[in-house]
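S.K.: In the working numbering, the protein residues as written are 14 to 165. Built from N, CA and C at the ideal position, the CB exists for glycine as well. Since we're looking at a predicted model, the values are computed, not measured. Quick one: the structure is below, and I'll ask about it shortly.
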Amino acid sequence: MEIVKILLLFIVGISAGSFVSGGVFSTLIALGLLPRFAGKTHTAGHVLRYEDAVVYGTWFAMILTVWPICGSILSELTRRLPFIVNAFFGAGGFFAGCFVGCMALAIAEMLDGIPIFARRISLKKGVGVAILGVAIGKLIGSILYFMFGIGV
Numbered sequence: 014m015e016i017v018k019i020l021l022l023f024i025v026g027i028s029a030g031s032f033v034s035g036g037v038f039s040t041l042i043a044l045g046l047l048p049r050f051a052g053k054t055h056t057a058g059h060v061l062r063y064e065d066a067v068v069y070g071t072w073f074a075m076i077l078t079v080w081p082i083c084g085s086i087l088s089e090l091t092r093r094l095p096f097i098v099n100a101f102f103g104a105g106g107f108f109a110g111c112f113v114g115c116m117a118l119a120i121a122e123m124l125d126g127i128p129i130f131a132r133r134i135s136l137k138k139g140v141g142v143a144i145l146g147v148a149i150g151k152l153i154g155s156i157l158y159f160m161f162g163i164g165v
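What follows is the structure, encoded as structure tokens:
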């Protein structure tokens, strides 16, 4: 009876994870982030590879966060090779932050929020500088929060 319970939990967990992943992927496709990244980097022929990378990365992260054995392996690696693991997480955090920032800007652009805001405050020039200022403010706030616990 215990094996049936575990099997049922496994099926429900995989189904729910796939459902949430599908929502994330459809949001990314609806925003047009991956084609935009491919267009900006002049690698439009590899859009399907980018989409596959997002799918596999999400599945990999799901496995790392759900299975307890991965947590024990990661803690052992952190104990033995702290610099390499910290560098890996630092790079991952940097790229995840860039991606989330691009997604936020794509949502704002999709909603035409920035032009409306710029028109309301009579901002004729410097919209890019204003967006960069917001991004730098978010970066400084995140650094202060995670390094010093400010705002906790």
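1) Comparing C-alpha positions only, which one of G45, V67, G52 and G154 sits nearest to F108?
2) Using only the alpha-carbon positions, how far apart do A104 and R92 sit?
3) First and last residue of the alpha helix (DSSP H) that includes F54?
4) State the start and end residues of the unbroken alpha helix (DSSP H) segment that holds G26.
5) Quick check: L47 and M116, are their CB atoms within less than 8 Å of each other?
6) When you compare the CB positions of A51 and Y63, do they come within less than 8 Å of one another, or not?
7) For L136, which three-state DSSP category applies?
8) Mind checking which residues open and close the alpha helix (DSSP H) that includes G70?
M.R.: Reading it off the structure:
1) Comparing Cα positions, the closest option is V67.
2) Distance from the CA atom of A104 to the CA atom of R92, rounded to whole angstroms, is 19 Å.
3) Looking at the sequence provided, one finds Thr at residue 54 rather than Phe. For T54, there is no enclosing alpha helix (DSSP H), as DSSP gives it neither H nor E.
4) E15 to L44 is the span of the alpha helix (DSSP H), which, as asked, contains G26.
5) Not closer than 8 Å, so no.
6) In this structure, Y63 lies closer than 8 Å to A51 by Cβ.
7) Coil at L136, not helix or strand.
8) Counting along the chain, G70 sits inside the alpha helix (DSSP H) bounded by residues V60 to V79.
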